[in-house]
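Read through the structure below, which is laid out as structure tokens, and then see the notes.
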Amino acid sequence: MTQDIALGPSSKNPDEHPSSTPVPVGDRPHTISPDEDLNERLEKIWADPPGFYGWFKALQNDALGGRIMSTAFTFFLIGGVTALLMRMQLIRPENTFLSPQRYNELFTMHGSTMMYLFAVPMLEGFAIFLLPFILGNREMPFPRLGQFSFFTFILGGILFYSSFIFGAVPDAGWFAYVPLSGPEYSPGLPLDFWLLGLGVAEIAAIAAGAEITIAILRMRAPGMSLVRMPVIAWAYLITAVAILFAFTTLLIASLLLELDRKMGTQFFNPAAGGSAILWQHLFWIFGHPEVYIQFIPATGMISMIVPVFARHRLVGYSYVVIALLATGFLSFALWVHHMFTAGLPQITMSFFSVASIMIGVPAGIQIFAWVTTIFFGRPVWTTSFYFVVGFLVTFILGGISGIMVGVVPFNWQVHDSYFVVAHFHYVLIGGVTFPIFAALYYWMPLFTGRLLNERLGKWNFWLFFIGFHVTFFPMHIVGLLGMPRRVYTYQEQIGWDIYNQISTVGSFILAIGVLLFVINVFYSRQRGEKVDSNPWQADSLEWATSIPAPNYGFSELPIVRSRHPLWDQKDVRDGEAPLKRMLQALSGWPLTWRAALTTSALEARPTEIFRVSGPSIWPVVTAVGLIVIFAAEIFTFRILVFSGVIGVIVGLVGWHWPDHIETTERELEFEREHNILVYPNGSPTISRWSMGIIVLLVATCTAIFVFSYFYISLQHTVWPLAGIERPGLLLPAIGTAAVLATAAAMYWANRRITKGDVVGMRIGLALALILGAVAVGTLIYDLRQVNFDHTINAYGSLYWTLTIFLIALLLGGMAQILFTQIWSWFGRYSAREHVAVDIGGFYWYAMILFWLALAGTVYLAPYTILSS
Amino acid sequence: MTQTTPRREPHSRRLWFMFLSGPVIYSVYFLVVYSLGEFGCFSGLQFVGLFGWSIIRVGVAALTVVAALVTFGVGFASFRSWRRTRQESKEHDEENSQFMLFVATGLNGLFTVITLLTSVPMLLGSYCQWI
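Chains as they are written, first to last, in the working numbering: chain A, 1 to 868; chain B, 1 to 131.
Structure (structure tokens):
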């Protein structure tokens, strides 16, 4: 049962700011210590290094989150300009403002920018900035990964846009369908810029996804059990996990296409046994969840903002969580609805049609929850709330047209028409951009310490809202009239002129709305109303710090006893006495390293105090090395590719080089006194979870490779193709034995070090290294003796690529063992601290499964049903 | 040092299982029936009969029954556990396990319906027709 709350009267004057009803000072539940000296010392430990060099080493969540959001918003403006240019071209029939080629380039850059460089990074930027505050902790679990993510994102974006400088702008759409994007129909560099430039940005997204997942599951404030977790945390958790699956799929698909383009493989070439439709499958396995990867966190933002401005708790919290989870899973069961005209069996289409329609149910649940909350509340009409209402109106319309295109016969009618353009802009701008604007108005005080101007904000909203509907609503009609998308012009007297003219006018109104927002940001940074705490009388923990937030976030971590801590708890530091004592002690100790807290996944009980890594240049070196590899590969400059690989290896070694701190009696005393583990050299829990995510990523890659293998092979009556003999089984049998033995050696090494036997551990690691090398040797020997190469046909491409992928997995595991061995000679491991051995073992146990899946596919599949 | 192991939360594995089983079972089910349909039609399995029906149809029907029964069963068990914990701890408004069980009930119920609906088009005659 929901319960109303009294938080002061709603503002009758729209220009009167709701912060004019302040929370009484005595009730401010701040977790900033009154001890100025202590705060200063904490600030010193957590602050980023100053100066130009320090800018590169910076890794604080607020600095990185702010940078990612600013960069993503800049890409949004650039993407918007490309849209305006297209609208100018379409304002009248047979216009010559843009050439057909330039138009193709612009719609490719527009779609790619908005999907890869704006929406997802923007939402990840929000997460990196906000999550430590919302979750009531001091940092994200991997600040250096966040730093790496930022640099890969911005460098990837720059690489993508440098295609303009080289006159090689991608022109095959944001989906890059083959054969159009293949080597035959898109020779030259443009598609390489698309594949490799965006590939770097995809890596950035995956890195952020990993960090967000672990932060939400293991770094929540004590007491923030799942039932008390803010909806935005649920939304980001589901999104982050979806990112891990979806973006990894795209990365593998991009790799396969690039191999076709540069290395002569035949994955997508039907003439050599490949499949063009396979690209569509792989792309949309990513592409459809991508829409929900944007939409789900946006709805999380709405669920945070609606209760604050409706002055009412969110109605149906549990139902909203059910809806979010259902949406996250169902989003992976929709991809084929983008391929209804590609030529598929009816049965396939019917499965996806049902799922596409059913996803309306969880979306509807959320909409009912928001509308009901507003209905029972007393809304405060701030600009942020205007954008929320704009979202509701627009997204409902987009959702309805989404159900329509989920129905197969209707889909056939409107496929590739402007109706679809209208639909997805209603969903993506309505469902994502409106909430982003709402969130920017809502959280800007936390970012800058100042409110955005409300009067400018209202103008911003109305121009954006009206401009949006004037632009995109007519597209439904012109689409039903038959206007195809992605055409640079149309003939006179077909009847499409007036709709296109209205759309173009609307797009400029919309652009003025965006421009007003930019003006508002610059204006308010100088002259906006300053705030020092909780201007909206909100309920969540990010408003429990001072504004702007200090680098350490919370000097004393909060104890959560309610889903709305700032509404229900008089003091967020109050809680069970032992817990309170421990958190108080943690606020004044240790003052020599960055201490954060891990908590259990379900009930958020404190489990460890650990050291968060500090500023470093090595993540930047790694990101630069990566961009060098990708950029050099565009121009097939292999020596530079090799130097990039060296850069990445050096960067990774430097990044992970142990910065060892001896565990002192003080740490042990703290452990005994407060009954909590203290790890000044990093958290074993976080390390294990990170290895779990690496295994998940590898498992996704493996699944995609295996899917591709069977998708292609099942289309042939004879397999292997072109008279190639079936592979021999002796070498893979030896390799299987070697992998099993490697895992056993790792298990033994782990057992020995658990008992404090360092020598035994070293022997185990050495054995594992040798056995791993034997497994690699069998694969390399096998590749050397086969009498076909990767270019002969799709079978050869699959055989070589899957085997090389397997070799790469083995080498990755061996590198981890090698460094563990080296560091053991520096005295890094003991019975107490040996997580590297532990997670190395975990990787090799998983490696058994990867080996069985990949080697089983490559070597055994031709002997099964496929052989006939 | 004091080797403290964090206290295991009550029935946490069972809770996680119930919580995630609906969507996970549906995902596996969906992937398998999709593969059966797509690859079965590719390789002419619709002409292989079983009980007077094609093996694709029989396979999808059997998988649907199994998936729906398991999902419904877990949902029902979640509901019963939720009702029991609710009666046992009336003084607490919303406890974590209650919440997990409630969400598990909802998710399992929703995915049972979706699973059943997914199989309905199999009743059509020309399911392997290439369009």
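Heads up, the beta-carbon is just placed ideally off N, CA and C, and yes, glycines get one too.
All figures in this text were calculated on a predicted structure; none of them were measured in a lab.
G75 (chain B) and T105 (chain B) look like a contact to me (Cβ under 8 Å); what is the Cβ gap, rounded to whole Å?
-> Here the question's residue 75 (chain B) lines up with position 75 in the second sequence. Here the question's residue 105 (chain B) lines up with position 105 in the second sequence. A Cβ-Cβ separation of about 6 Å places G75 (chain B) in contact with T105 (chain B) under the 8 Å criterion.
Assess, as a yes-or-no matter, whether the stretch 279-287 of chain A is touched by the stretch 252-261 of chain A under the definition of 3 or more beta carbon pairs within less than 8 Å.
-> Touching, per the Cβ criterion.
Start-to-end residues for the beta strand (DSSP E) that takes in F610 (chain A) | Start at 1 with the first residue of the first sequence, and residue 610 (chain A) comes out as number 610. F610 (chain A) -> beta strand (DSSP E) spans P606 to R611.
Jot down the residue ranges of each uninterrupted alpha helix (DSSP H) in the stretch 727-758 of chain A, minimum 4 residues, whole runs only, in chain order.
-> The stretch 727-758 of chain A is shown to contain whole alpha helix (DSSP H) runs of 4 or more residues at 730-754, in chain order.
Closer than 8 Å to chain A by CB, F102 (chain B) = Against the second sequence, residue 102 (chain B) aligns to sequence position 102. Interface residue, yes.
At a CB-CB cut-off below 7 Å, which residues of chain A make contact with N96 (chain B)?
-> Numbered from its first residue, the second sequence carries residue 96 (chain B) at position 96. Those within 7 Å of N96 (chain B) in chain A are S225, L226, V227, L602 and E603.
Buried or exposed for R261 (chain A), please, with buried defined as at least 16 other CB atoms from any protein chain shown within 10 angstroms of its CB.
-> Counting from 1 along the first sequence, the entry for residue 261 (chain A) is found at position 261. R261 (chain A) is buried by the Cβ-count criterion.
Starting from V678 (chain A), follow the beta strand (DSSP E) in both directions and report where the run begins and ends.
-> Within the first sequence, residue 678 (chain A) is the residue found at index 678, counting from 1. L677 to Y679 is the extent of the beta strand (DSSP E) around V678 (chain A).
Run of the beta strand (DSSP E) containing A596 (chain A), from where it starts to where it stops = Sequence index remark: in the first sequence, residue 596 (chain A) carries index 596 (1-based). Annotation: the continuous beta strand (DSSP E) that includes A596 (chain A) extends over A595 to T599.
Kindly indicate if chain B contains any beta-carbon less than 8 Å away from that of T700 (chain A).
-> Taking the first residue of the first sequence as position 1, residue 700 (chain A) is located at position 700. It does not; no Cβ of chain B falls within 8 Å.
Nearest CA to the CA of Q816 (chain A): which residue from A:M746, A:H790, A:I296 and A:G79?
-> Taking the first sequence and counting its residues from 1, the one referred to as residue 816 (chain A) is at position 816. For the residues A:M746, A:H790, A:I296 and A:G79, the minimum Cα distance to Q816 (chain A) belongs to A:M746.
Buried or exposed (CB count within 10 angstroms, at least 16 for buried), G812 (chain A) = Numbered from 1 along the first sequence, position 812 holds the residue referred to as residue 812 (chain A). When all chains shown are included, G812 (chain A) counts as exposed.
Are the beta-carbon atoms of A242 (chain A) and P289 (chain A) separated by less than 8 Å?
-> Residue mapping note: residue 242 (chain A) aligns to position 242 of the first sequence, counting from 1. Residue mapping note: residue 289 (chain A) aligns to position 289 of the first sequence, counting from 1. Cβ atoms of A242 (chain A) and P289 (chain A): closer than 8 Å.
Grouping DSSP H, G and I as helix and E and B as strand, with all else coil, what is H312 (chain A)?
-> Sequence index remark: in the first sequence, residue 312 (chain A) carries index 312 (1-based). It is a strand residue.
Paired residues, beta bridge with S303 (chain A) - DSSP | The residue given as residue 303 (chain A) occupies position 303 in the first sequence. S303 (chain A) has no beta-bridge partner at all, per DSSP.
Note down, in chain order, every chain A residue with its Cβ under 7 Å from the Cβ of L117 (chain B).
-> In the second sequence, counting from the first residue as 1, residue 117 (chain B) sits at position 117. Those are V354 and M358, listed as they occur along chain A.
Can you say whether P484 (chain A) is buried or exposed, counting buried as having 16 or more other CB atoms within 10 angstroms of its CB?
-> Residue 484 (chain A) sits at position 484 when you count from the first residue of the first sequence. Exposed, because fewer than 16 other Cβ atoms sit within 10 Å of the Cβ of P484 (chain A).
Taking just the CA atoms, how far does G796 (chain A) sit from M301 (chain A)?
-> Here the question's residue 301 (chain A) lines up with position 301 in the first sequence. Here the question's residue 796 (chain A) lines up with position 796 in the first sequence. Using only the alpha carbons, I get a separation of about 48 Å.
For chain B, is any of its Cβ atoms less than 8 Å away from the one on P22 (chain A)?
-> For this step, residue 22 (chain A) is matched to residue 22 along the first sequence. A caution first: P22 (chain A) carries a pLDDT of 36, below 50, which makes its placement in the model too unreliable to give a value.
Nearest-angstrom Cβ-Cβ length linking N137 (chain A) and L591 (chain A), presumed shorter than 8 Å | The residue you call residue 137 (chain A) lines up with position 137 of the first sequence. The residue you call residue 591 (chain A) lines up with position 591 of the first sequence. L591 (chain A) and N137 (chain A) do not touch by the CB rule: their CB atoms are close to 18 Å apart, not below 8 Å.
Alpha carbon to alpha carbon, what distance is there between V759 (chain A) and M115 (chain A)?
-> By one-based count along the first sequence, residue 115 (chain A) stands at place 115. By one-based count along the first sequence, residue 759 (chain A) stands at place 759. In a straight line, the C-alpha of M115 (chain A) is about 52 Å away from that of V759 (chain A).
Chain B contacts from the stretch 290-323 of chain A (Cβ-Cβ distance under 8 Å) | From the stretch 290-323 of chain A, only S318, Y319, V321 and I322 have a Cβ closer than 8 Å to chain B.
Given a limit of 9 Å on CB to CB distance, which residues of the stretch 30-45 of chain B reach chain A?
-> Residues passing the 9 Å Cβ filter: F30, L31, V33, Y34, S35, L36, G37, E38, F39, G40, C41, F42 and S43.
Chain A contact for I114 (chain B) (CB, 8 Å cutoff) = Taking the second sequence and counting its residues from 1, one reaches residue 114 (chain B) at position 114. Yes, contact with chain A.
Measure the beta-carbon distance from G54 (chain A) to D48 (chain A) and round it to whole angstroms, keeping in mind my assumption that it falls under 8 Å.
-> Taking the first residue of the first sequence as 1, we reach residue 54 (chain A) at position 54. Taking the first residue of the first sequence as 1, we reach residue 48 (chain A) at position 48. Between D48 (chain A) and G54 (chain A) the Cβ distance is about 6 Å, and since that is below 8 Å, they are a contact.
Whole-angstrom Cβ separation of F267 (chain A) and L278 (chain A), contact assumed at under 8 Å?
-> Within the first sequence, the letter at position 267 stands for residue 267 (chain A). Within the first sequence, the letter at position 278 stands for residue 278 (chain A). Between L278 (chain A) and F267 (chain A) the Cβ distance is about 7 Å, and since that is below 8 Å, they are a contact.
Just grab the DSSP bridge partners of G49 (chain B) for me.
-> Locating residue 49 (chain B) in the second sequence gives position 49, where the first residue counts as 1. Looking at the DSSP assignment, G49 (chain B) forms a beta bridge with B:S54.
Strand pairing of K262 (chain A), partner residues [DSSP] | Position 262 of the first sequence, counting from 1, holds the residue named residue 262 (chain A). Looking at the DSSP assignment, K262 (chain A) forms no beta bridge with any residue, so it has no partner.
Quick one: what does DSSP say S186 (chain A) is sitting in, helix, strand or coil?
-> Within the first sequence, residue 186 (chain A) is the residue found at index 186, counting from 1. Coil at S186 (chain A), not helix or strand.
Give the straight-line distance between the Cα atoms of I629 (chain A) and L195 (chain A), rounded to the nearest whole angstrom.
-> Translated into positions along the first sequence, residue 629 (chain A) becomes position 629. Translated into positions along the first sequence, residue 195 (chain A) becomes position 195. For I629 (chain A) and L195 (chain A), the distance between alpha carbons rounds to 13 Å.
Output the boundary residues of the alpha helix (DSSP H) element that contains Q346 (chain A).
-> Taking the first sequence and counting its residues from 1, the one referred to as residue 346 (chain A) is at position 346. Q346 (chain A) -> alpha helix (DSSP H) spans Q346 to M358.
Inter-stretch contact at 8 Å, needing at least 3 Cβ pairs: the stretch 71-86 of chain B / the stretch 32-43 of chain B | Under the three-pair Cβ rule at 8 Å, the stretch 71-86 of chain B does not count as touching the stretch 32-43 of chain B.
Please compile the residues from chain A whose C-beta is within a distance smaller than 8 Å of the C-beta of Q129 (chain B).
-> As a working note, residue 129 (chain B) is residue 129 in the second sequence. Those are P345 and Q346, listed as they occur along chain A.
Residues that P548 (chain A) bridges to, as DSSP identifies them | Numbered from 1 along the first sequence, position 548 holds the residue referred to as residue 548 (chain A). Its beta-bridge partners do not exist; DSSP assigns none.
Which whole-angstrom value is the C-beta distance of F160 (chain A) and R67 (chain A), which I expect to be below 8 Å?
-> Translated into positions along the first sequence, residue 160 (chain A) becomes position 160. Translated into positions along the first sequence, residue 67 (chain A) becomes position 67. Not really, about 18 Å apart at Cβ, beyond 8 Å.
Indicate whether at least one CB of chain A lies closer than 8 Å to the CB of F99 (chain B).
-> Against the second sequence, residue 99 (chain B) aligns to sequence position 99. F99 (chain B) counts as touching chain A.
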